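A.B. asks: Each residue of the sequence shown is one higher than the last, beginning at -8 in our numbering. In this text, a Cβ means the ideal position worked out from N, Cα and C, and glycines have one as well. Just so you know, these numbers come straight off a predicted model, no measurement behind them. Attaching a single structure in structure tokens format; questions to follow.
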Amino acid sequence: MRERLGFKGYVMSDWGATHSTSVAQGLDQEMGFDSHNRFFNVKHLKEYPDEVDQSMMRMFTQFFKMGFFEQIPEASRNMSSNVTTPESKNLAKELSQEGTVLLKNDNNILPLKFNDSLEGVLVLGGGSQAHDPVTHGSGSG
């Protein structure tokens, strides 16, 4: 991502998806099921001090840009807080609509049928998420 696409941000794994100490390959943060991450801990990361420094710089640069250290909202201090608001749901819906791509049916493969070969086709999203999106926690909101 960094070399071929020029990505400058930081990279975070999905929950439990890390299977090695991947900091040298560009992973900046391992998300796990508890505070004892399997690969992003002192035991493993002490071998990669330069990469850890680069990761910290990428992450904290974004945190400062977003103002995370200026004022921490009360909802962010409690992991069990539900921060899904009508405003955040509307914003998620608006962003989804703006990011939707209309497909051309040049090869007459649409509409897809259940028994069609779906090789090379990626379909994302769930039915209920389109109407009532999860915008925090519980399902990679």
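#1: Hey, V2 and G23: beta-carbon distance below 8 Å or not?
#2: Applying the 10 Å Cβ sphere with the 16-neighbour rule, what's the burial state of V14?
#3: Does DSSP put M47 in a helix, in a strand, or in coil?
#4: Indicate whether at least one CB of chain C lies closer than 8 Å to the CB of E61.
#5: So what's Q20 in DSSP terms, helix, strand or just coil?
#6: For H35, report the span of its alpha helix (DSSP H) as first-last.
#7: Measuring only the C-alpha atoms, how far is N98 from K104?
#8: DSSP beta-bridge partners for M3?
#9: Can you tell me whether R49 is buried or exposed? The criterion is at least 16 other CB atoms within 10 Å of its CB, across all chains shown.
#10: What is the DSSP secondary structure of R29, reduced to helix, strand or coil?
C.D. replies: Judging by the given coordinates:
#1: Between V2 and G23, the C-beta gap is not smaller than 8 Å, which leaves the two residues out of contact.
#2: When all chains shown are included, V14 counts as buried.
#3: Helix, per DSSP.
#4: Note that chain C does not occur in the displayed structure, where there is just one protein chain.
#5: Q20: strand per DSSP, three-state reduction.
#6: For H35, the enclosing alpha helix (DSSP H) covers residues 33 to 36.
#7: Rounded to whole angstroms, N98 to K104 spans 15 Å at the Cα level.
#8: Looking at the DSSP assignment, M3 forms a beta bridge with Q20.
#9: Buried, by the Cβ-count rule.
#10: In the three-state reduction of the DSSP assignment, R29 falls in the coil class, being assigned neither a helical nor a strand state.
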